[in-house]
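*Asks:* This note's numbering numbers the first residue of the sequence shown as 158 and each following residue consecutively. We put the CB at the ideal spot given by N, CA and C, even for glycine. Handing you this structure, nothing more for now.
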Amino acid sequence: MSSTPFPIQDYALLDEQECDKRIIAAKQKLGKHCIILGHHYQRNEVFKHADITGDSLKLSREAAESDAEYIVFCGVHFMAEVADILSRPEQIAILPDMAAGCSMADMANRVKVDKCWAELSQVIDVDAQVTPITYINSAADLKAFCGEHDGIVCTSSNAQKILQWSFDRKEKVLFFPDQHLGRNTGFQMGIPLEHMVTWDFSKPMGGLTEQQIKDAKIILWKGYCSVHQAFQPEHVDDFLEKYPDTHVISHPEASFEVCQKSEFIGSTENILKIVKEAEPNTRWLVGTELNLVNRLNEECKDQGKEVHFMAPTLSMCSTMFRTDPQHLAWVLENLAAGHIVNRVAVAEQDAVPAKKSLDNMLLAS
Ligand code: 13P
Ligand code: SF4
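Quick look at the structure:
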């Protein structure tokens with residue numbers, strides 16, 4: 158056993174084949190002590206090594222139920238935080254590249270959300286009237302905020318159930334950080350657009366009037382995903398003009414206008430399920446991340462299906478892309494040699510209330 162961790166620099170120039178060999182050997186050595194979870198947006202070179210693949214909800218459940226000592230999360234930082242919070246204290250969550258964040262998650266932070274809550278409390282009785290919901294794409298201290306205020310976490314696959322859970326308790330919701338998931342889901346549940354207001358966190362009182370706040374059912378944080386922002390309604394129109402028989406399916410992080418033009422709206426796991434289970438020889442236009450769409454197209458080719466990326470310019474999630482085979486080989490070989498590198502550990506003061514809001518979600522969905 159080496160006494161110091163192997164440095165990442167030793168891995169930077171390894172080619173994919175060499176990484177593959179070393180990843181497989183380290184996995185074999187670690188056996189049941191290690192599980193690799195892979196999000197659907199991971200590139201193929203990493204995705205193929207995952208023991209379990211899925212969307213945020215499925216992978217959270219896997220992390221909560223796994224017995225493995227090491228949970229290596231091929232995804233982004235908030236996902237590894239959730240794995241740490243939901244797993245037992247002796248389990249260790251690892252993110253192969255610490256720079257794999259989520260730009261949408263970064264659009265809300267504890268200072269801004271505390272300020273929003275304080276400003277809202279000048280107009281309404283927040284404790285009696287408002288349930289805070291944080292999309293799982295958020296830092297642990299925002300999940301803690303929700304745990305401290307009788308709130309809850311949601312993902313793209315359970316957002317309707319979580320909004321219903323919230324409305325069964327209180328009349329209003331503060332939803333952060335993704336405005337689109339909140340708006341698309343609220344609208345699907347029959348809430349008119351005029352009862353969903355957008356909280357602009359750069360303005361006093363969110364840029365809203367007292368009356369708008371009093372009348373709102375859902376107060377939507379003005380955050381968005383830059384990857385899904387790339388999809389535009391005219392991309393759907395142009396494609397349908399050329400191929401009118403196309404089925405359109407989008408992730409709910411896409412804009413309201415794009416989702417309104419989509420036949421289906423679903424999480425990454427649901428998109429895969431719907432397209433894979435569809436009739437053979439069908440054509441699909443998909444509004445979500447490129448790696449998922451390319452892989453789905455390959456997998457569906459033998460059924461005569463065509464799966465197209467919605468935007469004319471190719472855009473992938475650059476932070477998901479940070480996890481490469483070199484980083485995966487690095488963390489696994491270190492674990493196999495008894496060294497823990499890139500551990501994600503949430504401080505107890507956040508982990509305890511954050512777990513409460515995550516447990517609320519797991520129970521409600
Ligand atoms: P899913 O939960 O649908 O996998 O979405 C996660 C995500 O980050 C989408 O951008
Ligand atoms: Fe975050 Fe968007 Fe990447 Fe999902 S696709 S991880 S929301 S930046």
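(1) Going along the chain, which residues of its own chain have a beta-carbon closer than 8 angstroms to the beta-carbon of residue 361, five neighbours each way excluded?
(2) Out of 454, 306 and 332, point me to the one whose CA is closest to residue 510's CA.
(3) Taking the straight line between their C-alpha atoms, what separation do you get for residue 388 and residue 445?
(4) Does the distance from the C-beta atom of residue 356 to that of residue 273 stay below 8 angstroms?
(5) Whole angstroms is fine: what's the gap from residue 353's alpha carbon to residue 183's?
(6) Of all residues in the structure, which have a C-beta closer than 5 angstroms to any heavy atom of the ligand 13P, taken in chain order?
(7) Could you say if the region 290-301 and the region 385-404 meet the contact criterion of at least three C-beta pairs nearer than 8 angstroms?
(8) Can you give me the Cβ contacts of residue 231 inside the same chain, cut-off strictly under 8 angstroms, excluding the 5 residues immediately before and after it?
(9) So the candidates are 378, 431, 438 and 425; which of them puts its Cα closest to the Cα of residue 216?
(10) Quick one: residues in its chain with C-beta nearer than 7 angstroms to the C-beta of residue 220, no 5 flanking neighbours on either side, listed in chain order?
(11) Return yes when the C-beta of residue 262 is under 7 angstroms from any heavy atom of the ligand SF4, and no when it is not.
(12) Going by C-alpha distance, which of 235, 222 and 173 is nearest residue 501?
(13) Taking DSSP as the reference, what is the three-state secondary structure of residue 329?
(14) Is residue 454 near the ligand SF4, judged by its Cβ being under 7 angstroms from some heavy atom?
(15) Could you check whether the Cβ of residue 416 sits closer than 7 angstroms to any heavy atom belonging to the ligand SF4?
(16) My output table needs one value for residue 253: the three-state DSSP class, helix, strand or coil.
(17) Is the closest heavy atom of the ligand SF4 to the C-beta of residue 383 under 7 angstroms?
(18) According to DSSP, which residues form a beta bridge with residue 421?
(19) In this structure, how does DSSP classify residue 196 when only helix, strand and coil are distinguished?
(20) In three-state terms, what does DSSP make of residue 518?
(21) Across which residues does DSSP place residue 463 in a beta bridge pair?
(22) Output yes or no for whether 8 angstroms exceeds the beta carbon distance between residue 523 and residue 518.
(23) Report the rounded CA-to-CA distance for residue 169 versus residue 498, giving the unit in angstroms.
(24) Does the region 166-180 come close enough to the region 424-438 that 3 or more CB-CB pairs lie under 8 angstroms?
(25) Is residue 491 near the ligand SF4, with its Cβ less than 7 angstroms from a heavy atom?
(26) DSSP puts residue 289 in a beta bridge; with which residues?
(27) Using beta-carbon positions only, say whether residue 514 and residue 308 come within less than 8 angstroms of one another.
(28) DSSP three-state call for residue 179: helix, strand or coil?
(29) Reducing DSSP to helix, strand and coil, say where residue 304 ends up.
(30) Give the range of the alpha helix (DSSP H) segment to which residue 342 is assigned.
(31) When the Cα atoms are used, what is the spatial distance from residue 409 to residue 257?
(32) Can residue 405 and residue 442 be called in contact, C-beta distance under 8 angstroms?
(33) Is residue 318 near residue 522, with beta carbons less than 8 angstroms apart?
*Replies:* Checking against the coordinates, here is how it stands:
(1) Taking the sequence shown and counting its residues from 1, the one referred to as residue 361 is at position 204. Cβ neighbours of residue 361 beyond the five flanking positions: 276.
(2) To locate residue 510, count along the sequence shown from 1; it is residue 353. Taking only the C-alpha atoms, the option nearest residue 510 is 306.
(3) Stepping through the sequence shown from its first residue, residue 388 is reached at position 231. Stepping through the sequence shown from its first residue, residue 445 is reached at position 288. Straight-line Cα distance between these residues: approximately 8 angstroms.
(4) The residue you call residue 356 lines up with position 199 of the sequence shown. The residue you call residue 273 lines up with position 116 of the sequence shown. For residue 356 and residue 273, yes; Cβs fall inside 8 angstroms.
(5) In the sequence shown, residue 353 corresponds to position 196, counting from 1. In the sequence shown, residue 183 corresponds to position 26, counting from 1. Approximately 50 angstroms, taken between the alpha carbons.
(6) 212, 213, 312, 313, 424 and 425
(7) no
(8) Taking the first residue of the sequence shown as position 1, residue 231 is located at position 74. Counting only Cβ-Cβ distances below 8 angstroms, and skipping sequence neighbours, we find 193, 194, 195, 196, 199, 203, 204, 206, 207, 253, 480 and 485.
(9) Taking the sequence shown and counting its residues from 1, the one referred to as residue 216 is at position 59. Comparing Cα positions, the closest option is 425.
(10) Position 63 of the sequence shown, counted from the start, is the residue given in the question as residue 220. Same-chain partners within the cutoff: 194, 228, 239, 240, 243 and 244.
(11) Position 105 of the sequence shown holds residue 262. Yes; taking the cut-off as 7 angstroms, the Cβ of residue 262 has a heavy atom of the ligand SF4 nearer than that.
(12) As a working note, residue 501 is residue 344 in the sequence shown. The shortest Cα separation from residue 501 among 235, 222 and 173 belongs to 235.
(13) As a first step, residue 329 must be located in the sequence shown, where it is residue number 172. In this structure, residue 329 counts as strand in the three-state DSSP scheme.
(14) For the purposes of this step, residue 454 is taken as the residue at position 297 of the sequence shown. False, no ligand heavy atom lies under 7 angstroms from that Cβ.
(15) Translated into the one-based positions of the sequence shown, residue 416 becomes position 259. Residue 416: no, Cβ never under 7 angstroms from the ligand SF4.
(16) Here residue 253 refers to the residue found at position 96 when the sequence shown is read from its first residue. Coil, per DSSP.
(17) By 1-based counting over the sequence shown, the position of residue 383 is 226. Checking every heavy atom of the ligand SF4 against the Cβ of residue 383, one is found closer than 7 angstroms.
(18) Within the sequence shown, numbered from 1, the residue matching residue 421 stands at position 264. Answer by DSSP bridge pairing, in chain order: 406.
(19) Within the sequence shown, the letter at position 39 stands for residue 196. Here residue 196 sits in strand by DSSP.
(20) On the sequence shown, residue 518 is found 361 positions in, with the first residue counted as 1. Three-state result, residue 518: helix.
(21) Against the sequence shown, residue 463 aligns to sequence position 306. Answer is 440.
(22) Any property of residue 523 remains undetermined from this structure, which presents the chain solely from 158 to 522.
(23) One-based indexing of the sequence shown puts residue 169 at position 12. One-based indexing of the sequence shown puts residue 498 at position 341. Near 16 angstroms, if we compare the C-alpha coordinates of residue 498 and residue 169.
(24) no
(25) As a working mapping, residue 491 is identified with position 334 in the sequence shown. Not under cutoff, so the answer is no.
(26) Locating residue 289 in the sequence shown gives position 132, where the first residue counts as 1. Answer is 331.
(27) Against the sequence shown, residue 514 aligns to sequence position 357. Against the sequence shown, residue 308 aligns to sequence position 151. Yes, these two residues count as a Cβ contact at 8 angstroms.
(28) In the sequence shown, the residue the question calls residue 179 occupies position 22. Helix, per DSSP.
(29) Here residue 304 refers to the residue found at position 147 of the sequence shown. Helix at residue 304.
(30) Numbered from 1 along the sequence shown, position 185 holds the residue referred to as residue 342. It spans 336-345 - the alpha helix (DSSP H) in which residue 342 sits, taken as one unbroken run.
(31) As a first step, residue 409 must be located in the sequence shown, where it is residue number 252. As a first step, residue 257 must be located in the sequence shown, where it is residue number 100. If I take the Cα positions, the gap works out to 22 angstroms.
(32) Taking the first residue of the sequence shown as 1, we reach residue 405 at position 248. Taking the first residue of the sequence shown as 1, we reach residue 442 at position 285. Against a cut-off of 8 angstroms, the Cβ pair of residue 442 and residue 405 comes out as a contact.
(33) Residue mapping note: residue 318 aligns to position 161 of the sequence shown, counting from 1. Residue mapping note: residue 522 aligns to position 365 of the sequence shown, counting from 1. Closer than 8 angstroms, so yes.
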